[in-house]
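Working notes for the structure below.
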Amino acid sequence: MLFAAILAGAVFGDNLAPVSDTTIVSATTQDADVPGVVRSRFKYSIMAAIPTIILFAIFGGGGDVANANQEALNKMMDSTNPTGLVMLIPFALVLLLALTGQHLVTSLTWGIIVSIPLIVFMNLGSLADIISFNKDSDNVISGALVDGIMGYMNMAILILLIVAAAHLMKLGGTMAAVTGAMVKWIRNSIRRAELAIWGIVALLNSAITINTAAEIAAAPFVKELGEKYKIHRYRRSNMLDAVTLALGYIFPWGAPVLLGWSTIKLMQETYDWLPVVTPTSVFPFVFQGWLLVIVMLVAAITSWGLRFEGKNGEELKERPRD
Numbered sequence: 001m002l003f004a005a006i007l008a009g010a011v012f013g014d015n016l017a018p019v020s021d022t023t024i025v026s027a028t029t030q031d032a033d034v035p036g037v038v039r040s041r042f043k044y045s046i047m048a049a050i051p052t053i054i055l056f057a058i059f060g061g062g063g064d065v066a067n068a069n070q071e072a073l074n075k076m077m078d079s080t081n082p083t084g085l086v087m088l089i090p091f092a093l094v095l096l097l098a099l100t101g102q103h104l105v106t107s108l109t110w111g112i113i114v115s116i117p118l119i120v121f122m123n124l125g126s127l128a129d130i131i132s133f134n135k136d137s138d139n140v141i142s143g144a145l146v147d148g149i150m151g152y153m154n155m156a157i158l159i160l161l162i163v164a165a166a167h168l169m170k171l172g173g174t175m176a177a178v179t180g181a182m183v184k185w186i187r188n189s190i191r192r193a194e195l196a197i198w199g200i201v202a203l204l205n206s207a208i209t210i211n212t213a214a215e216i217a218a219a220p221f222v223k224e225l226g227e228k229y230k231i232h233r234y235r236r237s238n239m240l241d242a243v244t245l246a247l248g249y250i251f252p253w254g255a256p257v258l259l260g261w262s263t264i265k266l267m268q269e270t271y272d273w274l275p276v277v278t279p280t281s282v283f284p285f286v287f288q289g290w291l292l293v294i295v296m297l298v299a300a301i302t303s304w305g306l307r308f309e310g311k312n313g314e315e316l317k318e319r320p321r322d
């Protein structure tokens, strides 16, 4: 239940975070502004979050775990440093800058600039932990900054390949053929159009296990159908992001679940009392994920929260005439 709660919290936070890669991809691929998208999707997230909290309150407690693992609790307390909470300051700064419309690179850069002196002056680490130069080592430049950049290289290459593949599909006519077949089924029904969008995103997320990559693959189809039926770009972004996140944190073969599982296994080398929870054991209890995907399906069926797009990008309750 604790592992599931962490994953559920990740769904909620990733969905609403203005500096999340999935938020940025879902917004930019639909030509939408990030602050507007984040504000418009709160109603969907909270509809899933309220019953999630209730479910975890009911099923998440009980037993005498705390008494049985007093040794584990003591070890955790010994390795805890509350001074680290000061690092919430640069995090809050990044969120504030992003929500006020600053570019992602600008927001993150200021967060890094503020973080470095805080880490050093609060004795949370040394400057060498952040970046260091060693001419006698194979890794001449090392540190957290370098690790952060190198850790994203594989993802960056995968994203470039997916973007290239989507472009080839467009040039070759595959994308037009797929959307054309969907339009024949949709006809003039907005409900079917949104169900088609929901289905495309869900299908691609079941095959592509990385959230950002799945979004990039689904985005062209979502945009094509959404623009044809005048669905507002905020609504398209929300459908793309919410379904992607919900399923990405549910599937046992999904990257977030596997990452959590592998992290627990690595931590067990240090904390031998830590139980390892398998992906197949945890996925039924990621309540925020299950409920969010259901909320978006209900929204597509009932048109709850649906807004159309006017000539100047404004939100309209009624579909504009062609």
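Quick note, the sequence shown lines up with residues 1 to 322 if you use full-length UniProt numbering. Just so it is clear, CB atoms sit at the ideal spot from N, CA and C, and this is done for glycine as well. The structure displayed is predicted, hence computed values, not measured ones.
Excluding sequence positions up to five before and after E224, its CB lies within less than 8 Å of the CB of M175, T179, all in the same chain and listed in chain order. Around the beta carbon of N154, a 10 Å sphere encloses fewer than 16 other beta carbons of the protein chains shown; the residue is thus reported as exposed. In the displayed model, I141 falls within a strand according to three-state DSSP. Looking at the DSSP output, F42 shares a beta bridge with no other residue.
Membership of W253 in any alpha helix (DSSP H) is not indicated, and neither H nor E is assigned to it by DSSP.
By the beta-carbon neighbour count (other beta carbons within 10 angstroms, threshold 16), R187 is exposed. For H167, the enclosing alpha helix (DSSP H) has its first and last residue at 153-172.
Taking C-beta atoms as the reference points, G289 and I264 fail to come closer than 7 Å. Contact annotation, S26 with V37: C-beta distance approximately 7 Å; criterion of less than 8 Å satisfied. The beta carbons of L291 and T22 sit no closer together than 7 Å.
Secondary structure of L259 (DSSP, three-state): helix. Burial state of A128 is exposed, judged by a 10 Å Cβ sphere holding fewer than 16 other Cβ atoms. For the pair of segments examined, the stretch 264-276 was found not to touch the stretch 303-322: the number of CB pairs separated by less than 8 Å stays below three. Annotation for L258: P279 place their beta carbon closer than 7 Å to its own, counting only its chain and skipping 5 residues before and after. Around the beta carbon of W198, a 10 Å sphere encloses 16 or more other beta carbons of the protein chains shown; the residue is thus reported as buried.
DSSP places I89 in the helix class (H, G or I) of the three-state scheme. Per DSSP, reduced to three states, the secondary structure at E227 is helical. With a cut-off of 8 Å on Cβ pairs, the stretch 300-310 is in contact with the stretch 227-246, counting three or more such pairs. Distance between M296 and K317, taken at the CA atoms: about 18 Å. For Q288, the uninterrupted alpha helix (DSSP H) segment begins and ends at 287-302. F56 and V277 have their alpha carbons spaced roughly 17 Å apart. Exposed is the label assigned to T302, since fewer than 16 other Cβ atoms lie within 10 Å of its Cβ.
Excluding residues up to 5 positions away in sequence, P220 lie with their Cβ nearer than 6 Å to the Cβ of A166 in the same chain.
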